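A.B. asks: For the sequence shown, this note's numbering begins at 498 and goes up steadily by one.
Beta carbons: idealized from backbone N, C-alpha and C, even for Gly.
The model shown is predicted, which means the values in this text are computed figures rather than measured ones.
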Amino acid sequence: MTSTQRYLEMADILEAELAHVPVGAQVPSEHVLADRFQVGRPAARAALQELERRLLVRRVQGVGTFRRGRVEYVISAHVPPSFSETVRLAGAEPGARLVSCGARRAVEQERARLGLATGAAVWAVERVFTVNGEVAAYATSVLPRRPLLNLDRELGDEVSLHRVLRRRYGLTVVRSRYRISLDVPPPGIAGHLTGGSRGPTWLAESVNRAAGGPCVEYARTYLRPDVLDVTFEIEEENP
Numbered sequence: 498m499t500s501t502q503r504y505l506e507m508a509d510i511l512e513a514e515l516a517h518v519p520v521g522a523q524v525p526s527e528h529v530l531a532d533r534f535q536v537g538r539p540a541a542r543a544a545l546q547e548l549e550r551r552l553l554v555r556r557v558q559g560v561g562t563f564r565r566g567r568v569e570y571v572i573s574a575h576v577p578p579s580f581s582e583t584v585r586l587a588g589a590e591p592g593a594r595l596v597s598c599g600a601r602r603a604v605e606q607e608r609a610r611l612g613l614a615t616g617a618a619v620w621a622v623e624r625v626f627t628v629n630g631e632v633a634a635y636a637t638s639v640l641p642r643r644p645l646l647n648l649d650r651e652l653g654d655e656v657s658l659h660r661v662l663r664r665r666y667g668l669t670v671v672r673s674r675y676r677i678s679l680d681v682p683p684p685g686i687a688g689h690l691t692g693g694s695r696g697p698t699w700l701a702e703s704v705n706r707a708a709g710g711p712c713v714e715y716a717r718t719y720l721r722p723d724v725l726d727v728t729f730e731i732e733e734e735n736p
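(1) Per DSSP, which residues does N631 bridge with? Please list them.
(2) Compare the beta carbon distance of V596 and V628 with 8 Å and say whether it is the shorter of the two.
(3) Check whether the Cβ atoms of R695 and A687 sit closer than 8 Å, and answer yes or no.
(4) Are the beta-carbon atoms belonging to L700 and I677 less than 8 Å from one another?
(5) Does DSSP put T443 in a helix, a strand or coil?
(6) So if DSSP puts I677 in a beta bridge, which residue, or which two residues, is it bridged to?
(7) Mark F580 as exposed unless 16 or more other C-beta atoms lie within 10 angstroms of its C-beta, in which case mark it buried.
(8) Under the DSSP definition of a beta bridge, which residues are partnered with G599?
(9) Spatial neighbours of C598 within its chain, please: CB distance less than 6 Å, with the 5 preceding and 5 following residues excluded, ordered by chain position.
(10) Tell me which same chain residues have a C-beta within less than 8 Å of the C-beta of Y570, skipping the five on either side of it?
(11) Assuming the contact rule is C-beta atoms closer than 8 Å, G521 and R550 should be a hit. Round their C-beta distance to whole Å, please.
(12) On a Cα-Cα basis, can you pick out the residue from N647, A603, H517, R672 that is closest to G709?
(13) Please classify L645 as buried or exposed, where buried requires at least 16 other C-beta atoms within 10 Å of its C-beta.
(14) R538 bridges to which residues according to DSSP?
(15) Given this structure, state the Cα-to-Cα distance separating G693 from T501, to the nearest angstrom.
(16) Given this structure, state the Cα-to-Cα distance separating R567 from C712, to the nearest angstrom.
(17) Using the C-alpha atoms, what's the distance from T718 back to L679?
Written out as structure tokens, the structure reads:
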């Protein structure tokens with residue numbers, strides 16, 4: 498049996514066993530696995546790396562390897578376009594940290610998405626989201642400034658943007674357009690999201706509007722696939 502076949506066989510055995518291991522539990526180290534399977538440390542390391550690629554474990558340098566539990570992140574017409582509310586509906590605990598919130602002129606792409614005139618001012622909001630304490634997403638939201646006066650005074654850490662729009666400005670936000678693709682985050686965002694590692698993440702681009710009204714948010718959100726299991730639900734409308 499080749500070394501590749503051996504570590505893949507080990508990974509398959511461990512994957513079956515992990516189905517019965519609680520989320521967050523520490524899994525055996527390279528040394529323990531090497532002894533158990535009578536292989537060298539490189540093969541044991543390769544098996545753990547394979548489990549990490551399968552999104553089954555999380556390796557923390559200097560600490561150990563732990564059973565990973567991904568949270569289902571559902572995109573559908575019945576779930577509000579709010580990261581925090583979507584995570585709560587999945588039974589997990591969301592968190593948010595405000596990176597920045599400031600006013601500037603909208604660029605061409607933002608004007609096109611929001612239907613704004615040349616020279617229009619917008620709010621640019623940057624946030625880091627967590628799920629059960631683990632960094633899960635980085636979002637940039639662009640909103641028209643004119644109807645949302647003093648938005649910068651309303652936002653802060655652990656404050657839901659969509660809750661502020663609803664309670665402070667009377668806007669119930671719904672999805673108008675949603676697009677998702679695999680992308681590699683730029684270095685600045687990767688630093689917040691994955692500590693600098695620039696592996697592929699989901700990039701969700703969304704345009705949200707006020708119910709029965711104009712577009713009020715254009716958002717670009719990088720979602721970590723090792724933390725969030727992104728799911729789309731598409732239902733046929735009743736005739």
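C.D. replies: Let's see:
(1) Taking the first residue of the sequence shown as position 1, residue 631 is located at position 134. Correcting the residue type first, residue 631 is Glu in the shown sequence and not Asn. V628, per the DSSP bridge assignment.
(2) In the sequence shown, counting from the first residue as 1, residue 596 sits at position 99. In the sequence shown, counting from the first residue as 1, residue 628 sits at position 131. No. Outside cutoff.
(3) Position 198 of the sequence shown, counted from the first residue, corresponds to residue 695. Position 190 of the sequence shown, counted from the first residue, corresponds to residue 687. Their beta carbons are under 8 Å apart, which means R695 touches A687 by this criterion.
(4) On the sequence shown, position 203 is the one that residue 700 refers to. On the sequence shown, position 180 is the one that residue 677 refers to. Taking 8 Å as the Cβ cut-off, L700 and I677 qualify as a contacting pair.
(5) Absent from the model: residue 443. The displayed extent of the chain is 498 to 736, so no value can be given.
(6) Against the sequence shown, residue 677 aligns to sequence position 180. Its beta-bridge partners are A701.
(7) Translated into the one-based positions of the sequence shown, residue 580 becomes position 83. With 16 or more Cβ atoms within 10 Å of its Cβ, F580 is classed as buried.
(8) As a working mapping, residue 599 is identified with position 102 in the sequence shown. Answer by DSSP bridge pairing, in chain order: A621.
(9) Along the sequence shown, one-based indexing puts residue 598 at 101. Closer than 6 Å at the Cβ level, and outside the excluded window around C598, lie V622, D649, L652.
(10) On the sequence shown, residue 570 is found 73 positions in, with the first residue counted as 1. Excluding residues within five positions, the ones whose Cβ falls inside 8 Å are T583, V584, A587, L720, L725, D726, V727, T728.
(11) Position 24 of the sequence shown, counted from the first residue, corresponds to residue 521. Position 53 of the sequence shown, counted from the first residue, corresponds to residue 550. Going by Cβ atoms, the distance from G521 to R550 rounds to 20 Å, so no, they are not a contact pair.
(12) Counting from 1 along the sequence shown, the entry for residue 709 is found at position 212. With distances taken between Cα atoms, G709 lies closest to R672.
(13) Translated into the one-based positions of the sequence shown, residue 645 becomes position 148. Under this definition L645 is a buried residue.
(14) The residue you call residue 538 lines up with position 41 of the sequence shown. Answer is none; R538 lacks a bridge partner.
(15) Walking along the sequence shown from the start, residue 693 turns up at place 196. Walking along the sequence shown from the start, residue 501 turns up at place 4. Near 29 Å, if we compare the C-alpha coordinates of T501 and G693.
(16) For the purposes of this step, residue 567 is taken as residue 70 along the sequence shown, with counting starting at 1. For the purposes of this step, residue 712 is taken as residue 215 along the sequence shown, with counting starting at 1. C-alpha separation (whole angstroms): 32 Å.
(17) In the sequence shown, residue 679 corresponds to position 182, counting from 1. In the sequence shown, residue 718 corresponds to position 221, counting from 1. Taking the straight line joining both Cα atoms gives about 11 Å.
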